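Below: one structure, written as structure tokens.
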Amino acid sequence: METRPKRVFLALSRSLRTTLFLTIACAGIASTVYADNDTQYDDPLGDSVDLDLISDIERQPVQISDIDTENFEIGISGGLLSIEDFETNPVVVGSLTYHVTEDFFVEARFGTSKIGTTSFEKLSGGASLLSDDDRDIRFYDLSLGLNLFPGETFIFNRWAVNSGFYFVGGVGSTEFAGDQKFTASGGVGYRIIANDFLAMNLQVRDHIFETEITGESKTTHNFEVVAGISIFF
Amino acid sequence: MNVSKNISRLLLVLACLVASSTANANSSAKSESDKPPNTKVTKVVDPYLEMRTGPGRGYPIFYVVEEGEMITIDKRRTDWFKIETNSRHEKSGWVHVTQMVRTVNADDAFVTFPNSSLSDAADRKWEWSMSGGDFQGASLISSAVTYRFTRNIAVQLQGSQILGDVSDGLMLVASIQHSPFPHWRLSPYFQLGTGVLHTEPFSTIVQSEDRTNQTVNAGAGANLYLTRRFLMFLDYRYHTVLTSRDKNEEISEWKLGLSVFF
Chain A
284 METRPKRVFL
294 ALSRSLRTTL
304 FLTIACAGIA
314 STVYADNDTQ
324 YDDPLGDSVD
334 LDLISDIERQ
344 PVQISDIDTE
354 NFEIGISGGL
364 LSIEDFETNP
374 VVVGSLTYHV
384 TEDFFVEARF
394 GTSKIGTTSF
404 EKLSGGASLL
414 SDDDRDIRFY
424 DLSLGLNLFP
434 GETFIFNRWA
444 VNSGFYFVGG
454 VGSTEFAGDQ
464 KFTASGGVGY
474 RIIANDFLAM
484 NLQVRDHIFE
494 TEITGESKTT
504 HNFEVVAGIS
514 IFF
Chain B
9 MNVSKNISRL
19 LLVLACLVAS
29 STANANSSAK
39 SESDKPPNTK
49 VTKVVDPYLE
59 MRTGPGRGYP
69 IFYVVEEGEM
79 ITIDKRRTDW
89 FKIETNSRHE
99 KSGWVHVTQM
109 VRTVNADDAF
119 VTFPNSSLSD
129 AADRKWEWSM
139 SGGDFQGASL
149 ISSAVTYRFT
159 RNIAVQLQGS
169 QILGDVSDGL
179 MLVASIQHSP
189 FPHWRLSPYF
199 QLGTGVLHTE
209 PFSTIVQSED
219 RTNQTVNAGA
229 GANLYLTRRF
239 LMFLDYRYHT
249 VLTSRDKNEE
259 ISEWKLGLSV
269 FF
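Set out below in structure tokens:
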């Protein structure tokens, strides 16, 4: 005769056995399915077998034209442009870059901003050196860039993003006070490559041109600081 | 008590079925995506292929593809290829062209990629250049597109901005160029061209009037191949500007620039 505790124990163990059996059976089914896949596509212990199977795929000669080349980068940035003697104003810059090699790139940029007022204009009251139309400033430049120190930047302990510094230098033209000025420009930038097609950058650039606006001809340095986003295509 | 036990077993069985069917679904999805487009698959025949996190030698190597493995080429940026492995690891990263040319096609022939050697530079078709220089005392900024019909003959369309002390100008010139020795590293060329020159004298100068004239020019220059993607050039042109006045204007143009090939 079974005692009550014994009965309870037996009943429990029976139900446990059934559950266990069911679980094992299910796991078995599932693993068979996985195992099936494994033998078909890859097997951790039999790489050579896999490779033979894969090499049997009917394939054709590589079509170079089918490979997407992404050497162009189009971007937009915004920031501040300081015009010597004429305050600092917001600037918007559009750019098109062609990456020639991993080290060199060529870049065309177009930017637009406003010219502020000189301290002379402020102090004199009404006197104005420039008409309102002449207070728009537009510039373009063609530059050669050199990538420096490509590598990874670590964000805390967790993330690593591709990044790099670059130097740029070139020539262009600035429409300043109604005149076109031959402009040499150069600067340095920092680029973070977020993924295969998206990058973010920060650039500081000096635009150097001559003006006669204050009465004498002088070389002016006009600094631009912009942050932007760009897409590779 | 029994009812609840049965229900729990039923649930367990259902869960198992769901699990195994998901496994099935996963595997079928995997096999679909594993099937690569055939025209982008090559096989590694070197002992190994180094995969980097980015398209540049400064980015770290994070994986090595073994000899015999199949790789699918995804895209190219400069001399770097983004590839995916077709093995169970499914890694994707960037590989340099010098390693990619050591992979083989289905017929066991090495894959050839364009622009992988200096001699390819002479066979290029399209070229884009930018330059700066002097236009009879004024500053000159130029940009040009060149199309090469043969190794020797090319046509060029060039746009220039001229920034002078007394006037500004814009010039558009089409020219034909002949390079007698295209395979030389420092290769000379000769050119003939024609175009239009638009001049805008500054308003402070008396008798200022915008004018547009035709210009014909002849010139010569030399290309110096720096790398297989870059060249530097020095260019001289002698312009005759056909004016409506008694005398035509004679203008010398010098410039130094850089070209890239496509």
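Protein chains in written order, with the working numbering: chain A, 284 to 516; chain B, 9 to 270.
By construction, the Cβ of each residue, glycine as well, lies at the ideal position given by its N, Cα and C atoms.
These numbers come from a predicted model, not from an experiment.
1. Strictly below 9 Å CB to CB, what residues from chain A border Tyr-233(B)?
2. Would Tyr-246(B) pass as a contact of Ser-267(B) if the rule is Cβ separation under 8 Å?
3. What's the call for Val-509(A), buried or exposed, on a 16-neighbour Cβ count within 10 Å?
4. In the structure shown, what three-state DSSP assignment does Phe-403(A) receive?
5. Cα separation between Gly-62(B) and Asp-54(B)?
6. Specify, as a first and last residue, the run of the alpha helix (DSSP H) that Val-105(B) falls within.
7. How is Lys-133(B) classed by DSSP in three states: helix, strand or coil?
8. Would you list the one or two residues that DSSP bridges to Glu-385(A)?
9. What residue range does the beta strand (DSSP E) around Lys-48(B) cover?
10. What does Phe-465(A) reach in chain B if we use C-beta pairs closer than 8 Å?
11. Using a Cβ-Cβ cutoff of 7 Å, what residues of the region 385-402 of chain A are near chain B? List them in chain order.
12. Which word fits Thr-502(A), buried or exposed, when buried means at least 16 other C-beta atoms lie within 10 angstroms of its C-beta?
13. Going by DSSP, what residue range makes up the beta strand (DSSP E) through Ile-347(A)?
14. Rounded to the nearest angstrom, what separates Ser-529(A) and Ser-137(B) at their Cα positions?
15. State yes or no: is the beta carbon of Gly-377(A) nearer than 8 Å to at least one beta carbon in chain B?
16. Under 8 Å between C-beta atoms, does His-504(A) make it to chain B?
17. Please find out if some non-hydrogen atom of the ligand PLP comes closer than 7 Å to the beta-carbon of Thr-395(A).
18. Within 8 Å (strictly less), CB to CB, does Asn-354(A) reach chain B?
19. Count the other C-beta atoms from every protein chain shown that fall within 10 angstroms of the C-beta of Glu-507(A), then say buried if there are 16 or more, exposed otherwise.
20. Nearest by alpha-carbon distance to Gly-399(A): which of Leu-406(A), Glu-370(A), Arg-441(A), Val-383(A) is it?
21. Quick one: what does DSSP say Ser-500(A) is sitting in, helix, strand or coil?
22. Relative to chain A, which residues along the region 129-140 of chain B have a C-beta separation below 7 Å, given in chain order?
23. Whose Cβ in chain A lies nearer than 8 Å to the Cβ of Ile-81(B)?
24. Could you pull out every unbroken beta strand (DSSP E) segment of at least 3 residues lying fully inside the region 52-114 of chain B, listed in chain order?
25. Indicate the three-state DSSP secondary structure (helix, strand or coil) for Arg-421(A) in the structure shown.
26. With 16 as the cutoff for other CB atoms within 10 Å, does Ser-500(A) come out buried or exposed?
27. Any beta-carbon of chain B closer than 8 Å to the one on His-382(A)?
28. Taking the alpha carbon of Gly-498(A) as the reference point, which residue from Ile-347(A), Asp-368(A), Thr-352(A) has its own alpha carbon closest?
29. Please decide whether Asp-115(B) counts as near chain A, where near means a Cβ-Cβ distance under 8 Å.
30. Do you know offhand how far Glu-58(B)'s Cα is from Asp-87(B)'s?
31. Let me make sure I understand the geometry here. Which of Val-451(A), Asn-505(A), Leu-412(A) has the alpha-carbon closest to that of His-382(A)?
32. How would you label Ile-438(A), buried or exposed, when you count the other beta carbons within 10 angstroms and need 16 or more for buried?
33. Buried or exposed for Tyr-449(A), please, with buried defined as at least 16 other CB atoms from any protein chain shown within 10 angstroms of its CB.
34. Would Ile-81(B) and Lys-48(B) be called neighbours here (beta carbons separated by less than 8 Å)?
35. Considering only the alpha carbon of each residue, which of Tyr-244(B), Thr-50(B), Lys-133(B), Lys-255(B) lies closest to Ala-117(B)?
36. Here's a check: name, in chain order, each residue in its chain whose Cβ is nearer than 6 Å to the Cβ of Arg-474(A), leaving out the five neighbours to either side.
By the coordinates alone:
1. Those within 9 Å of Tyr-233(B) in chain A number zero; the least Cβ separation is about 13 Å.
2. No, the pair does not count as a contact, with Cβ atoms beyond the cut-off.
3. With 16 or more neighbouring CB atoms inside 10 Å of its own CB, Val-509(A) falls in the buried class.
4. Three-state DSSP puts Phe-403(A) in a helix.
5. Going by the C-alpha atoms only, they are around 21 Å apart.
6. Val-105(B) -> alpha helix (DSSP H) spans 105-108.
7. Three-state DSSP puts Lys-133(B) in coil, outside helix and strand.
8. Beta-bridge pairing links Glu-385(A) to no other residue.
9. In this chain, Lys-48(B) is not harboured by any beta strand (DSSP E), its DSSP state being neither H nor E.
10. In chain order, Ser-147, Ile-149, Leu-171 make up the part of chain B whose C-beta sits under 8 Å from the C-beta of Phe-465(A).
11. Those residues of the region 385-402 of chain A that come within reach of chain B (Cβ to Cβ, closer than 7 Å) are Glu-385, Phe-387, Val-389.
12. Flag for Thr-502(A) reads exposed.
13. Counting along the chain, no beta strand (DSSP E) covers Ile-347(A), and no H or E run does either.
14. Outside the shown range of chain A, which is 284 to 516, sits residue 529(A), and nothing can be said about it.
15. By this cut-off, Gly-377(A) is not an interface position.
16. It does not; no Cβ of chain B falls within 8 Å.
17. Here there are no bound small molecules, and the ligand PLP is not part of this structure.
18. Chain B contact via Cβ: present.
19. That one is buried.
20. Of the listed residues, the one whose Cα sits closest to Gly-399(A) is Glu-370(A).
21. In the structure shown, Ser-500(A) adopts coil according to DSSP, grouped into three states.
22. Listed in sequence order: Met-138, Gly-140.
23. Taking the beta carbon of Ile-81(B) as reference, the chain A residues within 8 Å of it are Val-345, Ile-350, listed in sequence order.
24. Runs found: 56-60, 69-74, 78-85, 88-93, 100-104.
25. In this structure, DSSP gives Arg-421(A) an extended state, which the three-state scheme calls strand.
26. Burial call: exposed.
27. So, interface residue.
28. Scanning Ile-347(A), Asp-368(A), Thr-352(A) for the CA closest to the CA of Gly-498(A) turns up Asp-368(A).
29. So, interface residue.
30. Annotation: Glu-58(B) to Asp-87(B) spans about 14 Å, alpha carbon to alpha carbon.
31. When Val-451(A), Asn-505(A), Leu-412(A) are compared, the shortest CA-CA separation from His-382(A) is found for Val-451(A).
32. Exposed, because fewer than 16 other Cβ atoms sit within 10 Å of the Cβ of Ile-438(A).
33. Under a 10 Å Cβ-count criterion, Tyr-449(A) is classified as buried, with 16 or more other Cβ atoms of the shown protein chains found around its own Cβ.
34. The answer is yes: Cβ separation under 8 Å.
35. Closest option to Ala-117(B), Cα to Cα, is Thr-50(B).
36. Hits under 6 Å: Gly-447, Ala-482, Asn-484.
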